[in-house]
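Everything on this sheet refers to the single structure shown next.
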Amino acid sequence: MFDYKFKTLLAVYETGSFTKAAKLLALTQPAVSNQIKLIESELNIKIFYRDSGILTPTSEGKIVIKYARRALGLYEKMNTAIWDEKNHRKHISVGITHTAESNRIAEVLARYCEDHQDVRLTLITDSINNIYDRIKTYDISFAIVDGRISESSCNSILLDTDSLVLAVSNNSPLARKSMVTIEELKKERIILRLPDSGTRNLFVSHLESMNLSIDDFNIYLQVDNIATIKDLIRGDFGVSVLAKSTCMDEVRKGKLKILPIENLSMIRETNIIYPSDFEHIHLLQDIVKIYHHIEGQFEEDESYSAALGGNEHENY
Numbered sequence: 000m001f002d003y004k005f006k007t008l009l010a011v012y013e014t015g016s017f018t019k020a021a022k023l024l025a026l027t028q029p030a031v032s033n034q035i036k037l038i039e040s041e042l043n044i045k046i047f048y049r050d051s052g053i054l055t056p057t058s059e060g061k062i063v064i065k066y067a068r069r070a071l072g073l074y075e076k077m078n079t080a081i082w083d084e085k086n087h088r089k090h091i092s093v094g095i096t097h098t099a100e101s102n103r104i105a106e107v108l109a110r111y112c113e114d115h116q117d118v119r120l121t122l123i124t125d126s127i128n129n130i131y132d133r134i135k136t137y138d139i140s141f142a143i144v145d146g147r148i149s150e151s152s153c154n155s156i157l158l159d160t161d162s163l164v165l166a167v168s169n170n171s172p173l174a175r176k177s178m179v180t181i182e183e184l185k186k187e188r189i190i191l192r193l194p195d196s197g198t199r200n201l202f203v204s205h206l207e208s209m210n211l212s213i214d215d216f217n218i219y220l221q222v223d224n225i226a227t228i229k230d231l232i233r234g235d236f237g238v239s240v241l242a243k244s245t246c247m248d249e250v251r252k253g254k255l256k257i258l259p260i261e262n263l264s265m266i267r268e269t270n271i272i273y274p275s276d277f278e279h280i281h282l283l284q285d286i287v288k289i290y291h292h293i294e295g296q297f298e299e300d301e302s303y304s305a306a307l308g309g310n311e312h313e314n315y
């Protein structure tokens, strides 16, 4: 079973203090110190060293912490699985990147739960790197992410493809154009997501393929939240490069305009990623089916609206 000493170790690492860890775990500070010493004695290593009063893991300590997290994740997963078996339930945590969260994924997962009353899903939004780490430690069961898989320990299923576009306000002079050139884009005040964003990295990689740099553009604001970026665009505070799927609701309502950028065909994938020992492949297959069913309905509605709009225009 899971050794409680390693839970103490993780508490010390996460709080950065023996005293704070003791308070968190309702132990005395000497008890916490003794448990860390026992681990060090068993493994014949030193886990932490102090630098100006700050606890920092040694290289060996980082290894112990990494595997302690995985062991704790497995232990908690085992307890959840036992409870689920007794109560005929399934609890599954789903990681989701910020961009993927902004499309129809939430509706797809909600519909799945409607059809499977024995399943309880928990959605956890995080960066792609943190999601990979949390899959390794079994903190999440699978994830829906934007971009291609870059972790060899995970498998993937392609859910959809998307493209990056330039989003501008209705009042922008660019809104009257059918596309924007690189030179025109250089003159704009640009709002981008943070450097660890998959959307931003895809934009940067395409610029580099054209021997351009992100520094050639006026990136005056960096924002992590996509909804905030769209609000800023609508307020004429700048333009942004975003996934087309995240803008379509605003486009349909006439709140934003989107444009392709000349010579930048920025295609992006949305993938389901999961560890090789994931036990519920049928669940992922059902999610894919629901997603494509909803997408099919959406495309039919769009075609109908476009045809109706055209007829109204002709009658007018």
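Taken in order, the sequence shown gives residues 0 to 315; the numbers are from the numbering used here.
By construction, the Cβ of each residue, glycine as well, lies at the ideal position given by its N, Cα and C atoms.
Quantities reported herein were computed from a predicted structural model and do not represent experimental measurements.
With a CB to CB cut of under 7 angstroms and the five nearest residues on each side skipped, what residues in its chain are close to residue i?
| i | result |
| --- | --- |
| residue 56 | 12, 46, 47, 64 |
| residue 322 | Absent from the model: residue 322. The displayed extent of the chain is 0 to 315, so no value can be given. |
| residue 249 | 229, 255 |
| residue 176 | 258 |
Would residue i and residue j qualify as a contact pair, given that the criterion is a beta-carbon distance under 7 angstroms?
| i | j | result |
| --- | --- | --- |
| residue 224 | residue 188 | no |
| residue 195 | residue 152 | no |
| residue 174 | residue 246 | no |
| residue 321 | residue 73 | Residue 321 falls outside the range modelled here, since the chain spans only 0 to 315, and no answer is possible. |
| residue 158 | residue 272 | no |
| residue 81 | residue 283 | no |
| residue 32 | residue 17 | yes |
| residue 61 | residue 37 | no |
| residue 244 | residue 114 | no |
| residue 134 | residue 274 | yes |
| residue 163 | residue 265 | yes |
| residue 110 | residue 286 | no |
Pick out whichever of the options has its Cα sitting closest to the Cα of residue i.
| i | options | result |
| --- | --- | --- |
| residue 291 | 238, 185, 103 | 103 |
| residue 169 | 253, 185, 193 | 253 |
| residue 132 | 95, 164, 88, 213 | 95 |
| residue 263 | 204, 276, 222, 278 | 204 |
| residue 112 | 226, 58, 90, 154 | 90 |
| residue 201 | 129, 146, 116, 287 | 146 |
| residue 276 | 110, 24, 51, 154 | 154 |
| residue 267 | 171, 279, 242, 261 | 242 |
| residue 193 | 97, 172, 182 | 97 |
| residue 44 | 51, 52, 59, 30 | 59 |
Which term fits residue i, buried or exposed, when burial requires 16 or more other beta carbons within 10 angstroms of its beta carbon?
| i | result |
| --- | --- |
| residue 234 | exposed |
| residue 34 | buried |
| residue 137 | buried |
| residue 199 | buried |
| residue 281 | exposed |
| residue 227 | exposed |
| residue 305 | For residue 305, the pLDDT reaches just 48, beneath the cut-off of 50, and the residue's location in the model is therefore unreliable, leaving the point undetermined. |
| residue 87 | exposed |
| residue 208 | exposed |
| residue 171 | buried |
| residue 42 | exposed |
Under the assumption that residue i contacts residue j (Cβ atoms under 8 angstroms), give the Cβ distance between them as a whole number of angstroms.
| i | j | result |
| --- | --- | --- |
| residue 144 | residue 99 | 6 angstroms |
| residue 179 | residue 258 | 5 angstroms |
| residue 240 | residue 191 | 7 angstroms |
| residue 9 | residue 68 | 7 angstroms |
| residue 237 | residue 220 | 6 angstroms |
| residue 211 | residue 260 | No, residue 211 and residue 260 are not in contact; Cβ-Cβ is about 11 angstroms, not under 8 angstroms. |
Got a sec? Which residues, its chain only, sit under 8 angstroms from residue i by beta carbon, not counting five neighbours each side?
| i | result |
| --- | --- |
| residue 93 | 108, 120, 121, 122, 123, 139, 140, 141, 142, 143 |
| residue 314 | Unreliable placement is indicated for residue 314, whose pLDDT of 40 sits below 50; the coordinate value is still reported in the next sentence. Once the five neighbours on either side are set aside, residue 314 has no close Cβ partner at all. |
| residue 79 | 90 |
Grab me the residues of residue i's own chain with a C-beta within less than 6 angstroms of its C-beta, minus the 5 sequence neighbours each way, in chain order.
| i | result |
| --- | --- |
| residue 329 | Residue 329 is absent from the structure shown; the chain starts at 0 and stops at 315. |
| residue 150 | 131 |
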